[in-house]
Every structure is written in structure tokens, then in C-alpha cells.
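These notes concern the structure reproduced below.
Residue numbers (the working numbering): 684 to 901.
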């Protein structure tokens, strides 16, 4: 079935409960009268509540209504926050430099409002030392506790050990902060450009106004 409402001559009922262009209640009127009013106002008769008895219809510019609805839906999709789960893989005996690099990625993901799945990969004899992976996960969780929390405790999954970190900030909050920070950076960049241009103009003016040096006497 089409999601489009019935309009104008597609409406097939004897009478309707009519709502005017400004939302005023006109009352129950014959369909013919409602269509006549629509022509007088140069508007469409749109069925907005088909299951009511009688159906509720409104006088409106249906083309404009569809356009505005599409724009609102587009804006809603643009601002919609999708929950994303990032993954970071570590080895139980990871060296300090690699750990700091991996931790930096986790910090960035959490700041963006994303969840992070941390996977410790065991190989060979490392599988007999699961406590190494557990301690590493606990250390990472403590290092980023200001940004995230343990949403799923460490658990063994075959040769791997997995933990999920959740961000303290919601995705929408992180997106809003990112947009605000971007706006601040643009404003600061514009301010620096203005100051630089102002200093250059001032320097050129000072050079023009400086008295010319007199030639030295022979």
C-alpha cells in the first residue's frame, strides 16, 4: 500500500471533518463542499486521518508540504547519531610504544562517542597465560577511565580475550562538540587572517608616511 495520503478527487467518502489552512476546525462538511473550498483557496484537500469517522482532511499546499517534510527528514538523517563499534587489537606482550599508539586510537574513538571492542590475541604458549591479557585490558580501561567505562567485562573467546569499552559521552554530544570546535577553529583562523592583513596595511602606511632621507653632503 502507498504511504501517500489521498488528496482531492482521490478521496472517496460522502463527508469529511475539515481543517482549514491555519489549523482552524471547520467541522463536518460534504466532500463536494470541501473540494469547493480547496479550489477557492487554491489549495489541496489532503486526507490526514483516514481511519477517523468521518476522515479528517486539511486544506494545504500539498507540494510545499511534501518538500518541507523531505527537508526535515533529510536534516534528521544528517544529525542522526549511529552507534559505531570500533575494534582495536593488541598482543599480550605489546611494547610500550605500540601500547601508547593503540591507546591513542582508543582515546580518539571514545571522544567521538564510539564504543571500542578491545581484542587481545594470544599465540602459541601465550594461551596458557590469560592473566597477561586480563591485566593489559584492566590497565587500558584505567588509562581511559575519564573518557569511557567497561561495558562488557573481559572474557575469553577462543584464542582471544575481548572487552568492550563504552563512551561516557553520547554520540550526539560528541558530534555537537566536534562541530563547535570546528567553528571555533574557523573563527580563530579568520581572526588571525584579519590581524595579519591589518598589520600589513599598517606597515605599508607607516612606510609611506616616513620622511625621505636627505642626500649626504659631499
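Quick reminder that beta carbons are idealized off the backbone N, C-alpha and C, glycines included.
Model, not experiment: these values are computed from the prediction.
Secondary structure of residue i, DSSP reduced to three states
i	result
residue 840	strand
residue 865	helix
residue 789	helix
residue 901	Per-residue confidence for residue 901 stands at a pLDDT of 45, beneath the threshold of 50, marking its modelled position as unreliable; the derived number appears in the next sentence. Three-state result, residue 901: coil.
residue 778	coil
residue 809	helix
residue 871	helix
residue 856	helix
residue 687	coil
Residue i to residue j span [Cα, whole Å]
i	j	result
residue 832	residue 852	11 Å
residue 737	residue 752	25 Å
residue 729	residue 795	43 Å
residue 705	residue 760	28 Å
residue 838	residue 774	15 Å
residue 701	residue 748	17 Å
residue 735	residue 859	41 Å
residue 739	residue 722	18 Å
residue 808	residue 842	11 Å
residue 686	residue 750	15 Å
residue 801	residue 871	37 Å
residue 792	residue 694	53 Å
residue 873	residue 856	26 Å
residue 836	residue 814	14 Å
residue 783	residue 818	16 Å
residue 840	residue 810	11 Å
residue 727	residue 743	5 Å
residue 844	residue 821	12 Å
residue 781	residue 756	44 Å
Endpoints, alpha helix (DSSP H) assigned at residue i
i	result
residue 744	Counting along the chain, residue 744 falls outside any alpha helix (DSSP H), and DSSP gives it neither H nor E.
residue 814	813–826
Contact check, residue i vs residue j, beta carbons under 8 Å
i	j	result
residue 769	residue 847	no
residue 690	residue 745	yes
residue 698	residue 713	yes
residue 790	residue 823	no
residue 788	residue 804	no
residue 731	residue 716	no
Range of the contiguous beta strand (DSSP E) that encloses residue i
i	result
residue 773	768–773
residue 800	798–804
Subject >> Runs of alpha helix (DSSP H) lying entirely within the region 697–733, each at least 4 residues, in chain order >> reply: 714–724
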